[in-house]
Amino acid sequence: MAVRIDKKIKGYAVVSAEDKAKELAKGDSISRAQAEADLPSADVIQMHERIERPEVLIGSTYKIKSPLVEHAMYVTINDIVLNAGTEHELRRPFEVFINSKSMEHFQWIVALTRIMSAVFRKGGDVTFLVEEMKAVFDPKGGYFKAGGVYMPSLVAELGMIIEDHLKSIGMMHDPEMSEAQRALIAEKRRAYEQRSKKNSEVATAGEMGGAMVDVVGDNGADERSEEVIEVTGDGASFPPSASMCHKCSTKALVLMDGCATCLNCGYSKCG
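Counting from 4, one number per residue, gives the positions in the sequence shown under the working numbering.
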C-alpha cells in the first residue's frame, strides 16, 4: 500500500517489535488506570485504638510450689475489661508478674513475663502461649505437683496456670465429657473403693486373729497390704500407689480386673 508524504522528511527510525510491545503495554496500563478511576470507591477509614493501662486492674494470684526451687513462686495475672458496662464486655489478660524469694531464676523469669505481657497487650488470640509453654521439657526431669499431676518443667506449670486463668475468664473452654464417660468413671471409682474397703476389712480381721490372711484381688494376685484411698490434692482422691496416666498426666492409673484403668479420665488400656 502506497503512502503519500506531503511534508518534508526530517528524520526516520525503524520501529522494532519490542517498541510495539512497549506501546501496547503503556496503552493497556493507561486504560486500566482509567477504568479503575471510573469505578465507584468506598470511603474506608482506618481506625486504630491504643489501649492505655488503667490505674486499677483486676487480677488473680496463683502459687507454685515446685521441688525444683527452694521457695514458692507467686504468679499474678492482671486483666483489663473492654467495653465495660455493655453487652460486649470482655475480660482479657493484660500483664503478668512472677514474684519469689528464689533469685537463681530471676533473669529468665523477668524476660518471660515481659514477653508474655507484650503478647497480652498485642491482643488477638493469645491462647497459643499455653501449648507452647506446656511443651517445654526440663532435661533434668519433671516432677509431680499436688494431686499427682505430672509437670514436665517449671515453664510447663506456668503454662498450665495461664490455661487455668484463661478458662476462668472465658477465653478457653474444657472439652465436655460425655455422660456415659462420667458414669463409667464413677462406676470404676466405686468398684475400686469397694475392693479396697473389703481388702482392708479382711486384713484387719487377719491381724486380730493373729495370723496373716492372704487377700486375693480381682486380678488374681495376692494383696497383703492395705490400699487406702486418700485425698492427694486439688480435691482429687486417688490411691497413693496409682501410676501416671499418659493421657491426662495424673497419678490415677490403677489395676482393675487385670487392666490398667485411669480413675481420672476413664482411660483403659484394654479399650
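Even for Gly, the Cβ is constructed at its ideal location relative to N, Cα and C.
Can you tell which of the options has the C-alpha that lies nearest to the C-alpha of residue i?
| i | options | result |
| --- | --- | --- |
| alanine 138 | Val158, Leu266, Gly261 | Val158 |
| lysine 250 | Tyr153, Glu196, Met174 | Tyr153 |
| histidine 74 | Glu135, His108, Ile12 | His108 |
| aspartate 167 | Glu134, Tyr146, Ala189, Lys254 | Glu134 |
| glycine 173 | Lys11, Leu93, Val6 | Leu93 |
| glycine 145 | Met247, Gly14, Asp22, Pro243 | Met247 |
| serine 63 | Val99, Glu26, Tyr15, Lys29 | Val99 |
| serine 103 | Leu27, Asn86, Ser69 | Ser69 |
| valine 85 | Leu115, Ala149, Ile54, Met136 | Strictly speaking, residue 85 in this sequence is leucine, with valine absent from that position. Leucine 85 has its Cα closest to that of Ile54, out of Leu115, Ala149, Ile54, Met136. |
| glycine 151 | Asp9, Asp177, Val18, Leu266 | Leu266 |
Residue j and residue i - do their beta-carbons sit closer together than 8 Å?
| i | j | result |
| --- | --- | --- |
| threonine 264 | lysine 191 | yes |
| proline 155 | valine 129 | no |
| valine 72 | serine 105 | yes |
| tyrosine 195 | methionine 259 | yes |
Measure the alpha-carbon distance for residue i versus residue j and round it to whole angstroms.
| i | j | result |
| --- | --- | --- |
| glutamine 110 | isoleucine 101 | 11 Å |
| lysine 66 | leucine 161 | 10 Å |
| leucine 187 | cysteine 262 | 15 Å |
| aspartate 141 | threonine 89 | 45 Å |
| alanine 303 | methionine 163 | Because residue 303 is not part of the residues shown, which for the chain are 4 to 274, the question remains open. |
| alanine 20 | alanine 28 | 12 Å |
| serine 244 | alanine 183 | 27 Å |
| glycine 127 | glutamine 37 | 39 Å |
| serine 271 | lysine 170 | 27 Å |
| alanine 189 | lysine 125 | 43 Å |
| phenylalanine 147 | glycine 269 | 20 Å |
| proline 57 | glutamine 197 | 56 Å |
| threonine 253 | serine 120 | 30 Å |
| valine 6 | aspartate 22 | 22 Å |
| alanine 149 | histidine 176 | 23 Å |
Is residue i buried or exposed, if buried means 16 or more other CB atoms sit within 10 Å of its CB?
| i | result |
| --- | --- |
| leucine 60 | exposed |
| isoleucine 80 | buried |
| isoleucine 83 | buried |
| glycine 14 | exposed |
| phenylalanine 123 | buried |
| glutamate 241 | It is phenylalanine, not glutamate, that sits at residue 241 in the sequence shown. Looking at its Cβ environment, which holds 16 or more other Cβ atoms inside 10 Å, phenylalanine 241 is buried. |
| valine 18 | exposed |
| isoleucine 8 | exposed |
| valine 113 | exposed |
With 8 Å set as the bound, which would you pick, yes or no: does the beta-carbon of residue i sit closer than that to a beta-carbon of chain B?
| i | result |
| --- | --- |
| lysine 200 | In the structure shown, chain B does not exist; there is a single protein chain. |
Pop quiz: residue i and residue j are said to be a contact at Cβ under 8 Å. What is the actual Cβ separation, rounded to whole angstroms?
| i | j | result |
| --- | --- | --- |
| isoleucine 332 | leucine 132 | Residue 332 lies beyond the range of the chain shown here (4 to 274); nothing can be said about it. |
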